[in-house]
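Student: Chains P and B are the protein sequences, given in the same order.
Each residue of the first sequence is one higher than the one before, counting from 1 in my numbering.
Each residue of the second sequence is one higher than the one before, counting from 154 in my numbering.
Number of protein chains: 2
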Amino acid sequence: MKVELALERFVLFLRGKGLRVTTPRREVLTLAWATHEHFGAEDLYAWAKNSGSSASRATVYRTLSLLVEGGFLGVLDTGKGHALYEHILGHKHHDHMVCLQCRLIIEFRDDQIEQLQEEAASKYGFELMGHSLTLEGHCSSCSQEGESAADPS
Amino acid sequence: MKVELALERFVLFLRGKGLRVTTPRREVLTLAWATHEHFGAEDLYAWAKNSGSSASRATVYRTLSLLVEGGFLGVLDTGKGHALYEHILGHKHHDHMVCLQCRLIIEFRDDQIEQLQEEAASKYGFELMGHSLTLEGHCSSCSQEGESAADPS
DNA sequence: CTATTTGCAAAGGATTTGCACACGG
DNA sequence: CCGTGTGCAAATCCTTTGCAAATAG
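#1: In chain B, which residues lie with their C-beta within 8 Å of the C-beta of Ile113(P)?
#2: Who are the near neighbours of His138(P) in its chain, counting only those whose CB is closer than 8 Å to its CB and skipping five residues on each side?
#3: DSSP three-state label for Thr35(P), please.
#4: Excluding sequence positions up to five away, which residues of its chain have a Cβ less than 7 Å from the Cβ of Cys295(B)?
#5: Report all residues from its chain with a CB closer than 7 Å to the CB of His284(B); omit the five preceding and five following residues, and keep chain order.
#6: So which of Glu86(P), His87(P), Ser53(P), Asp77(P) has the shortest CA-CA distance to Ala236(B)?
#7: Unbroken alpha helix (DSSP H) runs of length 4 or more, entirely within the region 200 to 253 of chain B: which are they?
#8: Closest to Gln144(P) by C-alpha separation, out of Glu222(B), Ala187(B), Gly278(B), Asp196(B), would be which residue?
#9: Label Gly74(P) either buried or exposed according to how many other C-beta atoms from any shown protein chain fall within 10 Å of its C-beta, with 16 as the threshold for buried.
#10: Cutting at 6 Å between CB atoms, please list the residues of its own chain near Thr59(P), excluding the five before and the five after it.
#11: In or out: Ser306(B) buried (at least 16 other Cβ within 10 Å) or exposed?
#12: So for Thr134(P), helix, strand or coil by DSSP?
#13: Suppose you measure from the CA of His87(P) to the CA of Gln268(B); what does that come to, to the nearest Å?
#14: Counting only the same chain and skipping the five closest in sequence on each side, list residues whose C-beta sits under 8 Å from that of Ala308(B).
#15: Here's the rule: buried if 16 or more other CB atoms are within 10 angstroms of the residue's CB, otherwise exposed. What is Val28(P)?
#16: Give me, in chain order, the residues of the same chain whose beta-carbon lies closer than 7 Å to that of Phe192(B); leave out the 5 immediate sequence neighbours on both sides.
#17: Distance cutoff 7 Å, beta carbons only. Does Ile105(P) sit that close to anything in chain B?
#18: Tell me which same chain residues have a C-beta within less than 8 Å of the C-beta of Val156(B), skipping the five on either side of it?
#19: Report yes or no: is there a C-beta of chain B within less than 7 Å of the C-beta of Ser153(P)?
#20: Count the other CB atoms, across all protein chains shown, that sit within 10 Å of the CB of Leu19(P); report buried if there are 16 or more and exposed otherwise.
#21: In this structure, does DSSP put Gly40(P) in helix, strand or coil?
Shown next as C-alpha cells:
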C-alpha cells in the first residue's frame, strides 16, 4: 500500500479515536512506510534523526504502538528483548520463518494452518483474536553451507 | 519426568559439553522441576533465595539458558519483556493459547498443524529446528463475562 | 483558548557482564 | 593444582514515564 493512502487512513484512525493528527505522528508513519523490511523501534528512531525529523524516541515508541493498535503495523517478537515491526495494512496476514544463523526472515502463509488454529481454539472455548507462529531453523543458503564441511571445531 | 531422572540427564548433558556439574546448577534444575507451572527467571531466583540456595541471579540466568540449550526447558516469550520457562523433557511438544485478559495459559497440541509446518518449511528449503505458536484471545471464562453486559463506555 | 502531544532525561525491568574468589575434577 | 564456575554489583538494552513547554483544532 502506498504511503499516501496509509497516511489517509491513519488520519481517519486518529480522528476516530479523538486523537490529534500531528507532524511527528505523520513522520513516524511515513518512515515506517519507507522500508519494506522488518525494523525495530530504535531503527526507526535513528531514521528519524537522519531525516531531520524532530520526533523523539518517546514519540516514536508511542506512535508505533498506535500504529499497531490501528492495524497498520504488525509486531514480531524476537525474543531478544526488542520487537520488530512490519506493515500489515493491505497485506494478507502471514507468519514467519527465521533463520537462526543469518537472521533472514521468510514470510509465509498457510490457510490450512490458519483454519486448524481456529478449530483448536474453539475446541477449548477460546475466543481467538490473534496469533503468532514463528518457525525457527536454517534457511536454504545456511543449511547448504554446513553440508559439505562439517564444523571442525 | 521425575527430577532425579532429569538431574541424571543434566549431568550427562554437562559432561557432554565439557561443563562441570556444580551445586548451583543442580539447584536450578531442581527448582525448575519443583513447579509444573510456567515460571520466569526472576521467579526461580526468588525460590532459590527462599530455599536457601546460594545461586545468584547471574547463575540462575546462565543455568536457565543451559537448560534451554539442552532441551530441558522450553521458553515462551511473553512479549512483555520477560520469558517464561517450562519443562519439556519427556513432554510432547505443545503450543500455547494465552488469555489476554486473565493471563491464563492453555497448552494444546495439533499434529496436523505440526505436520503442515514441516511442509511449509520444506517448501522454502528451510531446515526446521523448532517453532513457537501462540494463540492470543480470551479464554472461555473471560469471554463469557463480557457477554451479558457489553462495555458501556 | 485548552486539552492533547511532545521532547527531554531519568526511571524501569529483565538480563548480561567483568572480575576476584571459590571449587570441581 | 588449574581452569571453570560463581557471586556481586554495575552495566546494558529496549522501552516507558513524568513534566513543562509546544501545538492542534
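Every residue, glycine too, gets a C-beta built ideally from N, C-alpha and C.
Tutor: Quick answer:
#1: Residue 113(P) sits at position 113 when you count from the first residue of the first sequence. Going along chain B in sequence order, the residues near Ile113(P) (Cβ under 8 Å) are Ile266, Leu269, Gln270, Ala273.
#2: On the first sequence, residue 138(P) is found 138 positions in, with the first residue counted as 1. Residues Cys99, Leu100, Gln101, Gly146 of the same chain have their beta carbon placed closer than 8 Å to that of His138(P), with the five preceding and five following residues left out of the count.
#3: By 1-based counting over the first sequence, the position of residue 35(P) is 35. Three-state result, Thr35(P): coil.
#4: Here the question's residue 295(B) lines up with position 142 in the second sequence. Excluding sequence neighbours, Cys295(B) sits near Cys252, Gln254, Cys255.
#5: As a first step, residue 284(B) must be located in the second sequence, where it is residue number 131. Shown here for His284(B): same chain residues with a beta carbon closer than 7 Å to its own, the five before and five after excluded, namely Gln270 in chain order.
#6: Start at 1 with the first residue of the second sequence, and residue 236(B) comes out as number 83. Cα-wise, what sits closest to Ala236(B) is Asp77(P).
#7: Within the region 200 to 253 of chain B, the complete alpha helix (DSSP H) runs of at least 4 residues are 210 to 222.
#8: Position 144 of the first sequence, counting from 1, holds the residue named residue 144(P). Nearest option by C-alpha distance: Gly278(B).
#9: Translated into positions along the first sequence, residue 74(P) becomes position 74. Under the 10 Å beta carbon count, Gly74(P) is surrounded by 16 or more other beta carbons and is classified as buried.
#10: To locate residue 59(P), count along the first sequence from 1; it is residue 59. Counting only Cβ-Cβ distances below 6 Å, and skipping sequence neighbours, we find Pro24.
#11: In the second sequence, counting from the first residue as 1, residue 306(B) sits at position 153. Low local confidence applies: a pLDDT of 36 at Ser306(B) is under 50, so the model's placement there is unreliable, with the coordinate-based value given in what follows. Exposed, because fewer than 16 other Cβ atoms sit within 10 Å of the Cβ of Ser306(B).
#12: Along the first sequence, one-based indexing puts residue 134(P) at 134. Strand at Thr134(P).
#13: As a first step, residue 87(P) must be located in the first sequence, where it is residue number 87. As a first step, residue 268(B) must be located in the second sequence, where it is residue number 115. Rounded to the nearest angstrom, the gap between the Cα atoms of His87(P) and Gln268(B) is 29 Å.
#14: No answer is possible for residue 308(B): the residues shown for chain B start at 154 and end at 306.
#15: Here residue 28(P) corresponds to residue number 28 of the first sequence, with the count starting at 1. Residue environment: Val28(P) is assigned as buried (16 or more neighbouring CB atoms within 10 Å of its CB, all protein chains considered).
#16: Within the second sequence, numbered from 1, the residue matching residue 192(B) stands at position 39. Leu237, Tyr238.
#17: As a working note, residue 105(P) is residue 105 in the first sequence. Answer no: the Cβ-Cβ gap between Ile105(P) and chain B never drops below 7 Å.
#18: Your numbering for residue 156(B) matches position 3 in the second sequence. Leu182, Thr183, Trp186, Ala187, listed in sequence order.
#19: Along the first sequence, one-based indexing puts residue 153(P) at 153. A caution first: Ser153(P) carries a pLDDT of 34, below 50, which makes its placement in the model too unreliable to give a value.
#20: On the first sequence, position 19 is the one that residue 19(P) refers to. Exposed: under 16 other Cβ atoms inside 10 Å.
#21: Position 40 of the first sequence, counted from the start, is the residue given in the question as residue 40(P). Residue state, collapsed to three classes: strand.
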